[in-house]
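The structure appears below as structure tokens.
Residue numbers (the working numbering), protein chains in the order written: chain A, 2 to 253; chain B, 2 to 253.
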């Protein structure tokens, strides 16, 4: 038997060790960052982090990952599951008087702006009103498929669905209506947009006022779905609120 | 030069390949589970998941990991940071009339029951009233150090601190007072416990009523900290609420 030269084996081993050390080092760094950004994202969803103007620079990669690599979809699954469980267990079908209502937000609740935010570093860039304006006026947002299922179920069950959005009525009325219709959101009672009287008013105040008017007309708000806490808190906010995930921007 | 025998090199390679395949397979399974459990935990923190009676069996390992391996501490850091930022930027010091107040919950907001829940699979076991009773009566809960810092800062700044807990007054009054004192929670205005009149009433209703009484006496609730949404929602819930993380149990 010939004697095996140690050199090639040793070289392979050293290379493998180096590789292992490097990759675990890299993982350690990015894992540390990931854990910090996860903590920030949870703070956003729990409404502890407020009034932030853009995604922290160190978390831009994390948010991109979150939005594109499965976890955002998983969180949409989870909230959809919660909505259906609530519907099935609690109020199944709307009352015959036609006054059981749901309030749904539009942007990143039922229509997705992900394509737009892709060009804005997933919220890493500051808010760009002109950029968003020309995007929204094109009326090409995709439906969030899981939320379209929720929407259709609500319509089937006989609920009056009110879409309440902070989008300016004059600027976005036709593009938004067209966009919703093209994406399959048909049969809602009304699309309520921000009229001239409410320009410059915070979303929370505007939406509270709109809901109060609905309740004043006798509607019972059975559920309220939004990606921003300003959709969900305030007056007449409904029997149950559902927070749709969104780590890309904050609307006060 | 002697010819190197291929056998040892090939064997090492095959073993390394097998190891890589096995470990990535294991990671894939546990990663999938982790991602599902993370989604559930976020739903808990965002108040989408409600009225759950115990941690889902498939997430018990995840929650143990969360509580013990850094992420829980990181989330406590994050909420503490938010509280201090709010304090520094908004209301820094209490008004001279002595009516600026904060409301803090006790269990798993300022005192930790982690040691107890360790014996209950970190919330994987159903709620055990007798077990919790004998635990709480021992009065040996540790302070959550970050929350003790918050507490001390509030006292320093001149706020009136009200500790409002769903713990039964008759059963836990002396053990709770002793426990708080021993852990450094000194100088609060009052420890408000659940009296006989409120037995069997939901935490949210009980705590709302207590807060309403404080506001009725002229206190301005500047902040409200709790690990349960039932601490934080309802009437007179304060200028700002802070959700402390807790994936181990749900109090309605």
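From the three backbone atoms N, C-alpha and C, an ideal C-beta is built for every residue, glycine too.
Counting every other CB atom within 10 Å of its CB across the protein chains shown gives residue 85/A a total below 16, marking it as exposed. With a 10 Å radius around the Cβ and a threshold of 16 neighbouring Cβ atoms, residue 33/B comes out exposed. Sixteen is the threshold: when 16 or more other Cβ atoms of the shown chains lie within 10 Å of the Cβ of residue 117/A, as they do, the residue is buried.
Residue 56/A counts as buried, since no fewer than 16 other beta carbons sit within 10 angstroms of its beta carbon.
Taking 8 Å as the cut-off, the beta carbon of residue 248/B is found closer than this to the beta carbon of residue 42/B. No residue range can be given for residue 140/B, since it is assigned to no beta strand (DSSP E) and is classified by DSSP as neither H nor E.
In the DSSP annotation of this structure, residue 200/A is not part of any alpha helix (DSSP H), being labelled neither H nor E. Contact between residue 224/B and residue 207/B fails: their C-beta atoms lie close to 19 Å from each other, not under 8 Å. Taking C-beta atoms under 8 Å as the contact rule, residue 186/B and residue 103/B fail to qualify, at a distance of about 13 Å.
Annotation for residue 167/A: no alpha helix (DSSP H) segment contains it, though the beta strand (DSSP E) segment containing it runs 161 to 169. Rounded to the nearest whole angstrom, the CA to CA distance from residue 109/A to residue 141/A is 13 Å. Pairing residue 197/A with residue 169/A, the inter-Cα distance amounts to about 8 Å.
Closer than 8 Å to the CB of residue 243/A there is at least one CB belonging to chain B. Closer than 8 Å to the CB of residue 76/B there is at least one CB belonging to chain A. Annotation: residue 155/A is outside any beta strand (DSSP E); the continuous alpha helix (DSSP H) that includes it extends over 146 to 157.
By the C-beta density criterion, residue 202/A is exposed, having fewer than 16 other C-beta atoms within 10 angstroms. Along the region 46 to 57 of chain B, the positions whose C-beta sits under 9 Å from a C-beta of chain A are 46, 47, 48, 49, 50, 51, read in chain order. Taken atom to atom, the span from the alpha-carbon of residue 246/A to that of residue 61/B is near 24 Å. According to the DSSP secondary-structure assignment, residue 243/B is paired through a beta bridge with 226/B.
Residue 105/A: member of the beta strand (DSSP E) spanning 101 to 105, first to last residue. The bridge partners DSSP lists for residue 232/A come to none.
According to DSSP, residue pairing for residue 215/B in a beta bridge does not occur. Cα atoms of residue 46/A and residue 130/A: separation of roughly 24 Å, rounded to the nearest angstrom. For residue 139/A, the nearest beta carbon of chain B is not closer than 8 Å to its own beta carbon.
Residue 191/B carries a strand assignment under DSSP once its states are collapsed to helix, strand and coil.
Shortest Cα-Cα distance from residue 80/B to any of 44/B, 39/B, 150/B, 59/B involves 150/B.
Residue pairing of residue 221/B in beta bridges, as defined by DSSP: 101/B. Between the alpha carbons of residue 192/B and residue 173/B lies a distance of about 11 Å.
For residue 81/A, the uninterrupted alpha helix (DSSP H) run begins and ends at 72 to 87, by DSSP.
In this structure, residue 95/B sits away from residue 153/B, with a CB-CB distance that is not shorter than 8 Å. In the three-state scheme derived from DSSP, where H, G and I count as helix and E and B as strand, residue 113/B is classed as strand. Under a 10 Å Cβ-count criterion, residue 195/B is classified as buried, with 16 or more other Cβ atoms of the shown protein chains found around its own Cβ.
Taking a Cβ-Cβ cut-off of 9 Å, the neighbours of residue 71/B in chain A comprise 36, given in sequence order. Distance from the CA of residue 164/B to the CA of residue 183/A, rounded to the nearest whole angstrom, comes to 53 Å.
In this chain, the alpha helix (DSSP H) harbouring residue 62/A covers 61 to 69. Within 10 angstroms of the beta-carbon of residue 59/B lie fewer than 16 other beta-carbons, which makes it exposed.
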